[in-house]
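The structure appears below as structure tokens.
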Amino acid sequence: MKKILLYGIIIFLSFQLIQIDKENPSVDKKIDYNQVTHASPEIQKILKKACYDCHSNEVNYPWYSSIAPISWFIKEHVNQGKEYVNFSEYGKYNRYQKEHINSSLYRVIENKTMPLNSYLWMHKEANLSEKDYILLLNWFQTQCSIKN
Numbered sequence: 319m320k321k322i323l324l325y326g327i328i329i330f331l332s333f334q335l336i337q338i339d340k341e342n343p344s345v346d347k348k349i350d351y352n353q354v355t356h357a358s359p360e361i362q363k364i365l366k367k368a369c370y371d372c373h374s375n376e377v378n379y380p381w382y383s384s385i386a387p388i389s390w391f392i393k394e395h396v397n398q399g400k401e402y403v404n405f406s407e408y409g410k411y412n413r414y415q416k417e418h419i420n421s422s423l424y425r426v427i428e429n430k431t432m433p434l435n436s437y438l439w440m441h442k443e444a445n446l447s448e449k450d451y452i453l454l455l456n457w458f459q460t461q462c463s464i465k466n
């Protein structure tokens with residue numbers, strides 16, 4: 319039993335040698351979602367608190383993102399989130415991609431599937447109020463009808 323515990327500790331410690339890259343790419347504010355869409359300060363605040371940690375180049379990695387294998391999960395989650403939409407690079411998307419993004423954002427907010435519950439457990443500040451949901455729904459619906 320002691321050997322199994324010792325091997326487990328050795329494996330866990332060896333995992334710590336494999337660290338994730340936490341450096342964010344540079345951000346060009348001119349192509350950021352909030353800038354391109356002329357989002358109100360209220361919408362910007364909601365998006366920053368609830369979305370930008372997984373869907374932008376402005377990720378604030380928490381302290382526990384330094385502990386493998388948790389760090390690997392977080393990094394993969396952020397990478398997947400940015401594949402769906404990267405708010406920091408919104409200006410690079412074409413018109414059809416923007417339309418798709420905004421309609422997808424409308425759906426996930428309408429269904430309350432974002433932010434993810436697993437994210438909210440550790441980030442209580444990202445919880446959206448009913449007012450936040452309504453503001454976002456109205457905003458994304460408006461964006462779906464604008465050809466930016």
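Per my numbering, residue 319 is the first one in the sequence shown, and the count goes up by one each step.
Think of the CB as a built atom: it goes at the ideal place given N, C-alpha and C, for glycine as much as any other residue.
Please read all numbers here as calculations on a predicted model, not as lab measurements.
Cα-Cα separation, Pro343 to Lys320
Taking the first residue of the sequence shown as position 1, residue 343 is located at position 25. Taking the first residue of the sequence shown as position 1, residue 320 is located at position 2. In this structure, the straight-line span from the alpha carbon of Pro343 to that of Lys320 is close to 45 Å.
Once the 5 residues before and after Asn420 are set aside, which same chain residues still bring their CB inside 6 Å of it?
Against the sequence shown, residue 420 aligns to sequence position 102. In chain order, Phe458, Gln461 and Cys462 place their CB closer than 6 Å to the CB of Asn420, counting only its own chain and leaving out the 5 sequence neighbours on each side.
Neighbourhood of Ile338 by C-beta distance below 6 Å, restricted to the same chain and skipping five residues each side:
Counting from one through the sequence shown, the residue named residue 338 turns up at place 20. Apart from the 5 residues on each side of it in sequence, Ile338 sits with its Cβ closer than 6 Å to the Cβ of Ser389 and Lys393 in its chain, given in chain order.
Spatially closest choice to Ser406 from Leu454, Val377 and Tyr451, by CA coordinates:
In the sequence shown, residue 406 corresponds to position 88, counting from 1. Looking at the Cα atoms, Val377 is the closest of the given residues.
What span of residues does the alpha helix (DSSP H) with Asn420 cover, start to end?
For the purposes of this step, residue 420 is identified with residue 102 of the sequence shown, where counting begins at 1. Unbroken alpha helix (DSSP H) run through Asn420: Arg413 to Glu428.
Identify which residue in Ala386, Gln398, Lys367 and Gln415 has its Cα closest to the Cα of Asn445.
Position 127 of the sequence shown, counted from the start, is the residue given in the question as residue 445. When each option's Cα is compared against that of Asn445, the closest is Lys367.
Which of helix, strand or coil DSSP assigns to Lys340:
One-based indexing of the sequence shown puts residue 340 at position 22. In the three-state DSSP reduction, Lys340 falls in the coil class, being neither helix nor strand.
Where Leu439 sits in the DSSP three-state scheme
Sequence index remark: in the sequence shown, residue 439 carries index 121 (1-based). For the sequence presented, residue 439 should be read as Trp rather than Leu. Of the three classes helix, strand and coil, the one that applies to Trp439 here is coil, per DSSP.
Start and end of the alpha helix (DSSP H) containing Ala368?
On the sequence shown, residue 368 is found 50 positions in, with the first residue counted as 1. Counting along the chain, the alpha helix (DSSP H) containing Ala368 begins and ends at Pro359 to Ala368.
The alpha helix (DSSP H) enclosing Val345, as first and last residue numbers
On the sequence shown, position 27 is the one that residue 345 refers to. For Val345, no alpha helix (DSSP H) segment is defined, and its DSSP state is neither H nor E.
Do you know how far the Cα of Ser383 is from the Cα of Gly288?
Only positions 319 to 466 of the chain appear in the structure, and residue 288 is not among them; the question remains open.
What's the gap between the Cα of Ile364 and the Cα of Leu455?
Residue 364 sits at position 46 when you count from the first residue of the sequence shown. Residue 455 sits at position 137 when you count from the first residue of the sequence shown. The alpha-carbon atoms of Ile364 and Leu455 are separated by roughly 12 Å.
I'd like the list of long-range same chain contacts for Glu448, defined as Cβ closer than 6 Å, with 5 residues on each side in sequence excluded.
Here residue 448 refers to the residue found at position 130 when the sequence shown is read from its first residue. Here the set comprises nothing.
Would you kindly report the start and end of the unbroken alpha helix (DSSP H) that includes Gln461?
On the sequence shown, residue 461 is found 143 positions in, with the first residue counted as 1. Glu448 to Ser463 is the span of the alpha helix (DSSP H), which, as asked, contains Gln461.
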